[in-house]
Amino acid sequence: MTINILGFRWFKDEKRYHRIFHVREDDTGELLNEDLEIHFLELEKVKGLKRRPKDAIEAWMMYLSNLQGKEMEAIAVDNPGIRKALTIEQAFMRNKRERRMYELREKAMKDELSMIAGAMAEGEAKGKVIMAQDAICKYLEARFGGDSRGLQGRVRGVGKVETLDRIINKIYTVDTLEEAVSVVDSAVR
Numbered sequence: 002m003t004i005n006i007l008g009f010r011w012f013k014d015e016k017r018y019h020r021i022f023h024v025r026e027d028d029t030g031e032l033l034n035e036d037l038e039i040h041f042l043e044l045e046k047v048k049g050l051k052r053r054p055k056d057a058i059e060a061w062m063m064y065l066s067n068l069q070g071k072e073m074e075a076i077a078v079d080n081p082g083i084r085k086a087l088t089i090e091q092a093f094m095r096n097k098r099e100r101r102m103y104e105l106r107e108k109a110m111k112d113e114l115s116m117i118a119g120a121m122a123e124g125e126a127k128g129k130v131i132m133a134q135d136a137i138c139k140y141l142e143a144r145f146g147g148d149s150r151g152l153q154g155r156v157r158g159v160g161k162v163e164t165l166d167r168i169i170n171k172i173y174t175v176d177t178l179e180e181a182v183s184v185v186d187s188a189v190r
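If you read the sequence shown in this note's numbering, its first letter stands for residue 2, the second for the next number, and so on.
The structure is reproduced here in structure tokens:
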């Protein structure tokens, strides 16, 4: 059994926060094993509940969703496991050194996620640049042949999508290599 606790919405259904999947063979549909289950718990969907938890899973999901105040106290009264977790959490928060270590770990994880997101965005931007460069260079090669290689090199040196877009918008209307050079020159200025 695996339990995946998600801090975001994964499935489109707005209300169902707990889903259970089983592994089946593709051709026959035969169940691999009755005990093999993959659970997905979406914490974001539990945050919107305006009632007491109906079962232990809901109670733990509310706890993991950082429910605060009287609602959490009421849940802790009914659930000894959550009450113990809250007691440990409160003791932990009073220990300044442990709390600082926790905060540093949290910051490091957030920084890493931010770096990954930044790298993905940078990769997407680089991909767009390369695609635009390729489109322009392929056109120049097809239209003007080997004579356009110097201009293709200049196009490969352009690193901004906006500049490449300006080139693309005009390059397909040129009749001569000189006009193509003029289009590139005016776009990079």
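Cβ coordinates follow ideal geometry from the N, Cα and C atoms, glycine included.
Measure the alpha-carbon distance for Trp11 versus Glu123 and round it to whole angstroms.
-> 25 Å
Chain D within 8 Å of Arg144, Cβ atoms only = Absent from the structure is chain D; it holds one protein chain and no more.
Run through the stretch 109-184 for me and flag every whole alpha helix (DSSP H) of 4 or more residues, listed as ranges in chain order.
-> 150-157, 162-172
Return helix, strand or coil for Phe93, following the three-state DSSP convention.
-> helix
Please confirm whether Ala133 and Asp166 have their CB atoms less than 8 Å apart.
-> yes
So, helix, strand or coil for Arg3, using DSSP?
-> Checking the displayed sequence, the identity of residue 3 turns out to be Thr instead of Arg. Residue state, collapsed to three classes: strand.
Contact check, Ala60 vs Asn80, beta carbons under 8 Å | yes
Look at the alpha carbon of Val47 and the alpha carbon of Thr88, and state the distance between them as a whole number of angstroms.
-> 23 Å
Taking Cβ positions, are Val184 and Val159 nearer each other than 8 Å?
-> no
Should Val78 be labelled buried (16 or more other beta-carbon atoms within 10 Å of its own) or exposed?
-> exposed
Within the same chain, show all residues whose beta-carbon is closer than 8 Å to that of Ile76, passing over the 5 residues directly before and after it, in chain order.
-> Arg53, Pro54, Ala60, Met63, Tyr64, Leu68, Ile83
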